[in-house]
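*Asks:*
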Amino acid sequence: MLCKSGKTGLGLALACLGLLIALAGCGGSGSTEATATASAPGISKAAFIRKANAICERASKEYLPEAMAALTKQTSTHPASSVEEVEMAVTARLFEPTFIKELEEVRALGLPSGDEETIESILDEVESIVKKSRTDAKWFHDAQLDFKHPFARARAEAEAYGIGPCGQP
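Numbering (my numbering), first residue to last: 17 to 185.
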């Protein structure tokens, strides 16, 4: 799905804009094993939800303008790139590092007693998808086009817990 000459930059930018908006929710970043054990103990569920949502919402607000700038740069420097090529470039440079950092921040809050397994499951799911999107941008792109959003399960679980913004990047 290559962009043709006259519409290259704008056409590709518009095609990717939907992806970037979908990714802008929140996801996080971090290594599950490394940060889960280093997280602070004793946070209440209410405090965790409030702080995690703030982290995820902040990351989302920061990510979208950065992603749009990276998208614009990628399309202007590589005008014949396919949507998948642009997504892979933006994912490698920005998406994964941004949301891996976010997951680390959420895990560093500590996990409410009794909810560790639930929260780790959500964060692990998001982390797995973020990492897979870097190595297989075509899968990530195609799943969204087929209305099988990769973050659907994590988003539903996060919303049920109260950390909806953290259920998706």
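Ideal placement from N, C-alpha and C gives every residue a C-beta, glycine not left out. Keep in mind the model is a prediction, meaning the values are calculated, not measured.
Roughly how many whole angstroms lie between the Cα atoms of Glu-120 and Pro-95?
*Replies:* Working through the sequence shown from its first residue, we reach residue 120 at position 104. Working through the sequence shown from its first residue, we reach residue 95 at position 79. Taking the straight line from one Cα to the other gives about 35 Å.
*Asks:* I need the boundaries of the alpha helix (DSSP H) containing Ala-108, first residue and last residue.
*Replies:* The count along the sequence shown starts at 1 and reaches residue 108 at position 92. Neither: Ala-108 is in no alpha helix (DSSP H) and is coded neither H nor E.
*Asks:* Can you say whether Thr-107 is buried or exposed, counting buried as having 16 or more other CB atoms within 10 angstroms of its CB?
*Replies:* Here residue 107 refers to the residue found at position 91 when the sequence shown is read from its first residue. Flag for Thr-107 reads buried.
*Asks:* Classify Ser-129 as helix, strand or coil using the three-state DSSP reduction.
*Replies:* Locating residue 129 in the sequence shown gives position 113, counting from the first residue. Note: Ser-129 maps to coil in three-state DSSP.
*Asks:* Look at the alpha carbon of Ser-144 and the alpha carbon of Phe-115, and state the distance between them as a whole number of angstroms.
*Replies:* Locating residue 144 in the sequence shown gives position 128, counting from the first residue. Locating residue 115 in the sequence shown gives position 99, counting from the first residue. Each residue's Cα considered, the two are about 11 Å apart.
*Asks:* Might you give, ordered along the chain, the residues of its own chain that have their beta carbon closer than 8 Å to the beta carbon of Thr-53, omitting 5 neighbours on each side?
*Replies:* Reading the sequence shown from its first residue, position 37 is the one you call residue 53. Because the pLDDT of Thr-53 is 39, which lies under 50, any placement of that residue in the model is unreliable, and the number read from its coordinates should be weighed accordingly. The answer is none, since no qualifying residue turns up.
*Asks:* Find the nearest neighbour of Leu-139 within the set Glu-118, Lys-164 and Ser-92, judged by alpha-carbon distance.
*Replies:* As a position in the sequence shown, residue 139 is number 123, starting the count at 1. Nearest of Glu-118, Lys-164 and Ser-92 to Leu-139, Cα basis: Glu-118.
*Asks:* If you draw a straight line from the C-alpha of Arg-74 to the C-alpha of Ala-172, how long is it?
*Replies:* Here the question's residue 74 lines up with position 58 in the sequence shown. Here the question's residue 172 lines up with position 156 in the sequence shown. When rounded, the distance between both Cα atoms is 20 Å.
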